[in-house]
Amino acid sequence: MINRRISRSHLSDKPYTHTHNSKRKISNADVHYLTAEQSERLEKLQYEFKPDVAAANAGLIDQMDHRHKIRPVQLFVPSSSNPNVLRLNKSALNAVLGHSSIANRKIVVISVAGAYRKGKSFLLNFFLEYLYILQYQQKNDLEMDWLQDETQLEGFHYRPGQKRDTVGIWIWAEPIMIDAPNGERIAVVLMDTQGCFEQGGSSSGSSARDLVSASSSGVNISNNTNYSILALSTMLSCIQLYNIAECIPEDSLYPLSFFTECNKLAITEAPEFGKPFQRMVMVVRDFKVSEQMIYGIDGGTKLLDKALRQTNQADTIGGSATEKTLRDVRKEIKQTFEFGFSCYLLPSPGPKVTEQNSSFKGIAKDIKPLFRDEVRRVVEAMIGPNQIKPKVINGREITVRKFVECVREYAKIFEAPDLPEPRSVLNANLQLGCVDYALEAKIAYCRGMDRATRSSRMMAEKKLLEAHIKHGIKALNIYDKCPKVESGNVRSQNLARLQESINHELERYKRLNEEKRVTTCASAMLACGDSALFGLGLGGAASGAVAVSVVTLQMGVVSAGIVAIPVSLTALFGIWMYVTLKPTIRVCLGMERDA
Numbered sequence: 001m002i003n004r005r006i007s008r009s010h011l012s013d014k015p016y017t018h019t020h021n022s023k024r025k026i027s028n029a030d031v032h033y034l035t036a037e038q039s040e041r042l043e044k045l046q047y048e049f050k051p052d053v054a055a056a057n058a059g060l061i062d063q064m065d066h067r068h069k070i071r072p073v074q075l076f077v078p079s080s081s082n083p084n085v086l087r088l089n090k091s092a093l094n095a096v097l098g099h100s101s102i103a104n105r106k107i108v109v110i111s112v113a114g115a116y117r118k119g120k121s122f123l124l125n126f127f128l129e130y131l132y133i134l135q136y137q138q139k140n141d142l143e144m145d146w147l148q149d150e151t152q153l154e155g156f157h158y159r160p161g162q163k164r165d166t167v168g169i170w171i172w173a174e175p176i177m178i179d180a181p182n183g184e185r186i187a188v189v190l191m192d193t194q195g196c197f198e199q200g201g202s203s204s205g206s207s208a209r210d211l212v213s214a215s216s217s218g219v220n221i222s223n224n225t226n227y228s229i230l231a232l233s234t235m236l237s238c239i240q241l242y243n244i245a246e247c248i249p250e251d252s253l254y255p256l257s258f259f260t261e262c263n264k265l266a267i268t269e270a271p272e273f274g275k276p277f278q279r280m281v282m283v284v285r286d287f288k289v290s291e292q293m294i295y296g297i298d299g300g301t302k303l304l305d306k307a308l309r310q311t312n313q314a315d316t317i318g319g320s321a322t323e324k325t326l327r328d329v330r331k332e333i334k335q336t337f338e339f340g341f342s343c344y345l346l347p348s349p350g351p352k353v354t355e356q357n358s359s360f361k362g363i364a365k366d367i368k369p370l371f372r373d374e375v376r377r378v379v380e381a382m383i384g385p386n387q388i389k390p391k392v393i394n395g396r397e398i399t400v401r402k403f404v405e406c407v408r409e410y411a412k413i414f415e416a417p418d419l420p421e422p423r424s425v426l427n428a429n430l431q432l433g434c435v436d437y438a439l440e441a442k443i444a445y446c447r448g449m450d451r452a453t454r455s456s457r458m459m460a461e462k463k464l465l466e467a468h469i470k471h472g473i474k475a476l477n478i479y480d481k482c483p484k485v486e487s488g489n490v491r492s493q494n495l496a497r498l499q500e501s502i503n504h505e506l507e508r509y510k511r512l513n514e515e516k517r518v519t520t521c522a523s524a525m526l527a528c529g530d531s532a533l534f535g536l537g538l539g540g541a542a543s544g545a546v547a548v549s550v551v552t553l554q555m556g557v558v559s560a561g562i563v564a565i566p567v568s569l570t571a572l573f574g575i576w577m578y579v580t581l582k583p584t585i586r587v588c589l590g591m592e593r594d595a
């Protein structure tokens, strides 16, 4: 196809805007604590438009055509009975990712977290815009400018001012299908979260330092949903955007101790699985540029290095436990993420965006051009087709189906009000790994048994058991590659389930083998005649002869019964002789006629 450049305004006769139905637009904050009836009504509203994921997966539609009908859905919500507990919205998970057409596609998850009211949702909408335009470009072989003056940035709800707008964890209600350079189509999901801490502290919120206390086992973050959301969203994402403002304060470093502790435990006890977290990018918005630090990755690298080098006397001589924790974060955070820990600097988007009483509607021309240029570079550098990397769990790129399993498994360890211990995170990843190894082992066993029993003839029971033992040992050897950790019984529990599953499969193979006995007998009966009809006749003759014997014996005619048995056998033998010799007799008769 001819590659041509096009602006988005050419896609339709009307300027590009998002149209909404007559129903009130639902804000993320509206679903903080809902009754069961309210939640049900909201879910019906959210899912009333069902995107054709199968068609998008096959590359048959432009997803941008129905973008205005898609809304974010709440994946995790603080429990109404205990706001420090996160509850998984299973219906939302299934609605977005429970499609068989994309189950085997690899997945990419982009998340944003950070300080309260610093533009997280606003930033994420730039990524959303880019992905929809990229999907359109790839399908139609076009080049498009994805961020123009008339571009309207919508999707994840946001508003200027001091009032919190996002609660819990939200995801966009459809995966956006993007083609990687190798031709593989991947599903991209965007995730939005509520604020994690009050940057600098205020009367309306708690600072990170206020929420961290010392304990003998290391840092202990108090019962607070905000840190659970940061931890959970980072565990689920490929790229975690850590959004803060103006600088990198200590408050923004304290929560990162959870990740450094988890990583240390993982690489010590299960190095085969690799690091549990992929990539974190600090995005410092409203930064005041100086001669030493410019916007973008270059200035961000310098600012991050400066923040991680900062020490005080307490750091040098020991200090309190929280100060020691901060020192450990500065020392170890760059080695905690598999694909790096970096920083970008962004300017302010301008007063039309940030002023509390602003009427900003998401139109790009109302955003400062400098901010637009810098955020364009950030987005393209992170999720351009050549930069995007699928989600990795335990060292393996995972599919949509596996990601759904991960969400459910991780949700279990966040059901308690406390932030999970690093051991719980390791055990959750170990559980996911054990399931993978167990599935691989079972598949190997079944393939081996299928080959061993593929003959149409019945196998001797001894041979069947020998095959079971042989391929069962191979399966257990595969599972044995699953890493062993120092504590917990996750591995042994999954081993027991694997053994039970293999024994269940053995019973299935026994039943299939027994069915071959009946099939073999029927085949032998048919083989006795020169046709199926004659074979049935032979069977009928045998049955008739035996029946006569039985009847005569039951009637008390013993002599007749005794005579009937050899007569029956003689008749069967005669029929068999006739069938066997019939071809020879015909040849002989033919030779006599030829003579």
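Residue 471 in UniProt numbering sits at position 471 of the sequence shown; the count goes up by one each step and never skips.
All C-beta atoms, glycine included, are put in the ideal place defined by N, C-alpha and C.
Spatial neighbours of residue i in its chain, beta-carbon cut-off 7 Å, leaving aside the 5 residues before and after
i: T225; result: P78, P83, N84 and L86
i: S233; result: S111, A113, I169, M191, T193 and Q240
i: L11; result: Any reading at L11 must be qualified, since the residue scores a pLDDT of 48, below 50, and its modelled position is unreliable; the value itself is stated next. Once the five neighbours on either side are set aside, L11 has no close Cβ partner at all.
i: V109; result: V189, M191, L236, S237, C238 and K391
i: A411; result: L88
i: L345; result: V284, F287, M293, Y295, G296, G299, G300 and L303
i: S501; result: K442
i: C482; result: G433, C434, Y437 and R491
i: Y509; result: M449, T453 and L464
i: G556; result: Caution is warranted here: a pLDDT of 45 is assigned to G556, below 50, making its placement in the model unreliable, and no coordinate value can be reported.
Where residue i falls, given that 16 or more other Cβ within 10 Å makes a residue buried
i: A208; result: Low per-residue confidence applies at A208: pLDDT is 45, beneath 50, and the placement is therefore not dependable enough to give any value.
i: H504; result: exposed
i: T151; result: buried
i: S203; result: Residue placement at S203 is flagged as unreliable, the pLDDT there being 33, under the threshold of 50; the coordinate-derived value follows with that caveat. When all chains shown are included, S203 counts as exposed.
i: G195; result: buried
i: K55; result: Note that residue 55 is Ala in the sequence shown, not Lys. So A55 ends up on the exposed side.
i: P276; result: buried
i: K484; result: exposed
i: S252; result: buried
i: Q356; result: exposed
i: P271; result: exposed
i: E507; result: exposed
i: Q387; result: exposed
i: P181; result: exposed
i: S121; result: buried
i: R117; result: buried
i: S213; result: Summary for S213: the model assigns pLDDT 42, below 50, so the residue's position carries little reliability; its value from the coordinates is reported in the next sentence. Exposed: under 16 other Cβ atoms inside 10 Å.
i: G340; result: exposed
i: E261; result: buried
i: N394; result: buried
i: F273; result: buried
Neighbourhood of residue i by C-beta, 6 Å cutoff - its chain only, sequence neighbours within 5 removed
i: K306; result: none
i: D30; result: Because D30 sits at a pLDDT of 41, beneath the cut-off of 50, its placement in the model cannot be relied upon, and the following sentence gives the value as read from the coordinates. None.
i: E250; result: none
i: R517; result: M458
i: V281; result: L241 and S342
In DSSP terms, what residue i is bridged to
i: C343; result: M282
i: N243; result: G114 and V283
i: Q152; result: I363
i: I171; result: V73 and M191
i: I133; result: DSSP output for I133 lists no bridge partner at all.
i: F337; result: F277
i: I178; result: I186
i: R396; result: I393
Own chain partners of residue i with C-beta closer than 8 Å, once the 5 adjacent residues on each side are dropped
i: G350; result: D366, I367, K368 and F371
i: D62; result: Q135, Y136, K139 and N140
i: G362; result: N125, Q152, L153 and E154
i: L123; result: V112, L241, N243, V283, R285 and V375
task = Mind the definition here: the stretch 413 to 428 touches the stretch 96 to 114 only if three or more C-beta pairs lie below 8 Å; say whether that holds.
result = no
key: beta strand (DSSP E) segments (min. 3 residues) lying fully within the stretch 66 to 129   = 72 to 78, 86 to 88 and 107 to 114
message = At 4 residues or longer, what runs of the alpha helix (DSSP H) sit wholly inside the stretch 413 to 479?
response = 422 to 452 and 461 to 479
inquiry  = At 4 residues or longer, what runs of the alpha helix (DSSP H) sit wholly inside the stretch 252 to 301?
reply    = 257 to 269
task = For the stretch 445 to 462 and the stretch 391 to 410, state whether three or more C-beta atom pairs, one from each stretch, are separated by less than 8 Å.
result = no
inquiry  = Can you confirm whether the stretch 66 to 80 touches the stretch 170 to 186 when touching is taken to mean that 3 or more C-beta pairs between the two stretches lie within less than 8 Å?
reply    = yes
query = Is the stretch 431 to 438 touching the stretch 486 to 499 in the sense that three or more CB pairs, one from each, lie closer than 8 Å?
reply = yes
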